[in-house]
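Trainee:
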Amino acid sequence: MTNTTTSSAPVFQPGTSDAEIEAAAALAARRRYFTVYFWRYFILVVFLGGWELAVRFKLIDPFFFASPWAIVLRLQEWVIEGTSEGPLWFHLWVTMEESLLGFFSGSIAGIIAGIALGRNRMLADVFSIYIKVINSVPRVVLAPIFIMIFGLGLTSKVALSFVMVFFVVFSNAFQGVVEADRNLLANAQILGAKGWQLTRSVVIPSAMSWIFASLHVSFGFAIVGAIVGEFVGARYGIGLLINVAKGSFDAAGMYAAIVIIMVVALAAEYAMTHVENKLAKWRPAPLQELH
Amino acid sequence: MTPDTNSPAIELINVSRRFLTPDGKSMTALRDFNMSVARGEFVAVVGPTGCGKSTTLNLVTGLAKPSAGEVRVMGAPVDGIDPRIGFVFQTDALFPWRSVIDNVVAGPLFRGMEPEPAYAAARDWLARVNLSMHATKYPHQLSGGMRKRVSLAQTFINEPQILLMDEPFSALDVQTRVLMHEELLKLWSQSKASVVFVTHDLEEAIALADKVYVLTSGPATVKSVYTIDIPRPRIVSEIRYDQAFIDISRTIWEDLRDEVLRGAARDEAKVS
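Shown next, in the form of structure tokens:
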């Protein structure tokens, strides 16, 4: 009765072998996957269908809200015949060029400035107040000023994109550098890292996840900068298309332009996630990935 | 190097170290601290939690400067980070974005060695700590004990003449810790470095060290020094049943207990 030295391991109930548990888990994962996708498509269909039907049954005014079908037709027209202002691809390319230039220049400058100030307390203390002041300016109000200084061409939009991107990336890079693990820094120094070696091998890698978090948002900001610049004054670009559509009370045209920007921004987001996953393969993967 | 080869590896002479707390007050961590570590000697430092044990190590590395007194390494005053020093941290200090072998090779590359001999040395060190199979893994894929072995390889590859260890095994479970003790003694007996091993675990200190320094609760100063004359090579997993070990640990614990109680009472007073 009081045998404490040996006791047999508990006997498992039937239906609880490893293979069965794994099969059940795989089934549950598949079900979950289908449920997620079902609801995703369901919501999309209800939204677009409801919109279309509401227009067809005159519940909302197509003059203001267009309709999904009208937007599709407008996109088709733009793609095949071009817009009233010339080929769609040209306008898209202009906006993309402005956004990409603003994005890369802004994020590179932001990363460099963030790391420089993060590594140097004195610089950070001196400049932090100015950065706060400039950061408090709503960036879009700079659009007319940049147009005045740089003219209607590419430069003014790149400048606006740049300031939209710079501060986001800068503050994240700065934070990432400041929060670099003290132990890692001390370890690298004792192992023999000096100056630039320390920055390159410890500070930058540990700030990288902060920087990437900001890059995700800031590509959207770069597009905002380019388009707002185009609203205020431009000869080409998606922003101009929206402006022209507004001038001719063409609701479908405005929504069509929005759809184009959405597609571009989503594609950029996917590309960015892909690059980030490539670079960050050292990070622990989540225990179970569900997509 | 210094011509004076008979000087102790590490000397702390009447060292004091004061900090500024975040609210601007001055706090003394170390007061009139004296310690001398001979070449090839293994010294353990025990004391109550938060008494300033780690501060002594930071002074030797040159990452912190003494407020008064003098710190000498190999007979010369400390000036910046000495390349002859190796340091094993309490927490994980491996670079998480580097694979195991890239972590081990970091030191030689920082110090300007060519990549080819550096990687050869790194592979050799990984073999010595039995991690050759895991060279391309990232730290998060390893267990706590394996990560510590990577840390040891990362430190020993620089062939330090002075090895500083700040509660290096305190995060490990008891069984893994004993294995790490064996590993450390093996590596140390080959390298003959001078070691300062900070710990709050008295048994660990006695099992590993030639000399045990007992510190007072903060501000820390040396309360007493014990010489441990248990012969080497020691088998850490069995030494705890040795009569000599039991006697000496009882003696040192009598000494340490007062300080632990005082430290705890002070912490409670601080909280309330």
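If you read the sequences in order, they're chains A and B. So for the first sequence, the working numbering puts the first residue at 19; every next one is plus one. So for the second sequence, the working numbering puts the first residue at 138; every next one is plus one. For each residue, glycine too, the CB sits at the ideal point set by N, CA and C. Please read all numbers here as calculations on a predicted model, not as lab measurements.
(1) For the beta strand (DSSP E) containing B/Leu149, name the first residue and the last one.
(2) Using the rule of at least 16 other Cβ atoms within 10 Å of the residue's Cβ for burial, across every protein chain shown, is B/Phe232 buried or exposed?
(3) Taking B/Met445 as part of the alpha helix (DSSP H), name the residues at either end of that continuous run.
(4) Going by C-alpha to C-alpha distance, which of A/Ala244, A/Ile279 and A/Ala231 sits closest to A/Met290?
(5) Go ahead and pull the three-state DSSP assignment for A/Val281.
(6) What residues of chain B sit near A/Gln207, judged by a beta carbon separation below 8 angstroms?
(7) Using the beta-carbon of each residue, which ones in chain A are nearer than 7 angstroms to B/His277?
(8) Would the segment 328-346 of chain B count as touching the segment 313-320 of chain B if we require 3 or more Cβ pairs under 8 angstroms?
(9) Do B/Glu304 and B/His271 count as a contact pair if the criterion is CB distance below 8 angstroms?
(10) Ordered along the chain, which non-local residues of its own chain (more than five positions away) have a Cβ less than 8 angstroms from that of B/Leu246?
(11) List the DSSP bridge partners of B/Asp303.
(12) Where do the ends of the beta strand (DSSP E) carrying B/Val350 lie?
(13) Indicate whether A/Gly132 and A/Asn190 have their beta-carbon atoms separated by less than 8 angstroms.
(14) Counting only beta-carbon separations shorter than 8 angstroms, does A/Leu202 have a partner in chain B?
(15) For the alpha helix (DSSP H) holding A/Asp36, just list the boundary residues, first then last.
(16) On the criterion of 16 or more Cβ atoms from any shown chain inside 10 Å, does A/Ile129 qualify as buried, or is it exposed?
(17) Please report how far the alpha carbon of B/Trp325 lies from the alpha carbon of B/Ser163, in whole angstroms.
(18) Could you work out which residue in B/Asp239, B/Asp229, B/Ala357 and B/Tyr363 is closest to B/Thr388 when comparing CA atoms only?
(19) Using 10 angstroms around the beta-carbon of A/Ser102, count the other beta-carbons present and answer buried if the total reaches 16, otherwise exposed.
(20) Would the beta-carbon of A/Ser179 fall within 8 angstroms of that of A/Ser117?
(21) Counting only the same chain and skipping the five closest in sequence on each side, list residues whose C-beta sits under 6 angstroms from that of B/Val225.
(22) Beta-carbon separation of B/Gln298 and B/Ser331 under 8 angstroms?
(23) Mind checking if A/Val220 is an interface residue toward chain B, Cβ cutoff 8 angstroms exclusive?
(24) Between the segment 233-244 of chain B and chain A, which residues of the former have a C-beta closer than 9 angstroms to a C-beta of the latter?
(25) Tell me the DSSP secondary structure of A/Pro223 in three-state form.
Mentor: Once the coordinates are examined:
(1) Against the second sequence, residue 149 of chain B aligns to sequence position 12. Segment Ile147 to Leu157, the beta strand (DSSP E) holding B/Leu149.
(2) Position 95 of the second sequence, counted from the start, is the residue given in the question as residue 232 of chain B. Under this definition B/Phe232 is a buried residue.
(3) Residue 445 of chain B falls outside the range modelled here, since chain B spans only 138 to 409, and no answer is possible.
(4) Looking up residue 290 of chain A in the first sequence gives position 272. The shortest C-alpha separation from A/Met290 is found at A/Ala231.
(5) In the first sequence, the residue the question calls residue 281 of chain A occupies position 263. Note: A/Val281 maps to helix in three-state DSSP.
(6) In the first sequence, the residue the question calls residue 207 of chain A occupies position 189. Leu200 and Ile218, listed in chain order.
(7) Reading the second sequence from its first residue, position 140 is the one you call residue 277 of chain B. Neighbours of B/His277 on chain A, chain order: Pro302.
(8) yes
(9) Reading the second sequence from its first residue, position 134 is the one you call residue 271 of chain B. Reading the second sequence from its first residue, position 167 is the one you call residue 304 of chain B. Not in contact: B/His271 and B/Glu304 (Cβ atoms no closer than 8 angstroms).
(10) Locating residue 246 of chain B in the second sequence gives position 109, counting from the first residue. Same-chain partners within the cutoff: Pro252 and Ala255.
(11) For this step, residue 303 of chain B is matched to residue 166 along the second sequence. Looking at the DSSP assignment, B/Asp303 forms a beta bridge with B/Val335.
(12) Counted from its first residue, the second sequence places residue 350 of chain B at position 213. Reading off the sequence shown, one finds Tyr at residue 350 of chain B, where the question assumed Val. It spans Lys348 to Leu352 - the beta strand (DSSP E) in which B/Tyr350 sits, taken as one unbroken run.
(13) On the first sequence, residue 132 of chain A is found 114 positions in, with the first residue counted as 1. On the first sequence, residue 190 of chain A is found 172 positions in, with the first residue counted as 1. Yes, they are a contact pair.
(14) Position 184 of the first sequence, counted from the first residue, corresponds to residue 202 of chain A. Taking Cβ atoms only, chain B reaches closer than 8 angstroms to A/Leu202, which makes this a yes.
(15) Along the first sequence, read from residue 1 onward, the residue named residue 36 of chain A stands at position 18. That run of the alpha helix (DSSP H) goes Asp36 to Arg74.
(16) Counting from one through the first sequence, the residue named residue 129 of chain A turns up at place 111. The residue in question, A/Ile129, is buried, as its Cβ has 16 or more Cβ neighbours within 10 Å.
(17) Here residue 325 of chain B corresponds to residue number 188 of the second sequence, with the count starting at 1. Here residue 163 of chain B corresponds to residue number 26 of the second sequence, with the count starting at 1. Rounded to whole angstroms, B/Trp325 to B/Ser163 spans 38 angstroms at the Cα level.
(18) Position 251 of the second sequence, counted from the start, is the residue given in the question as residue 388 of chain B. Ranking B/Asp239, B/Asp229, B/Ala357 and B/Tyr363 by Cα distance to B/Thr388 puts B/Tyr363 first.
(19) To locate residue 102 of chain A, count along the first sequence from 1; it is residue 84. Label assigned to A/Ser102: exposed.
(20) Here residue 179 of chain A refers to the residue found at position 161 of the first sequence. Here residue 117 of chain A refers to the residue found at position 99 of the first sequence. It is a contact, given that the beta carbons lie within the stated cut-off.
(21) Here residue 225 of chain B refers to the residue found at position 88 when the second sequence is read from its first residue. The residues are Ser288, Thr292, Met302 and Pro305.
(22) Indexing the second sequence from 1 puts residue 298 of chain B at position 161. Indexing the second sequence from 1 puts residue 331 of chain B at position 194. Yes; because the gap between Cβ atoms is below 8 angstroms, this pair is in contact.
(23) Indexing the first sequence from 1 puts residue 220 of chain A at position 202. Yes, A/Val220 counts as interfacial toward chain B.
(24) Pro233, Trp234, Arg235, Ser236, Ala243 and Gly244
(25) Counting from 1 along the first sequence, the entry for residue 223 of chain A is found at position 205. It is helical.
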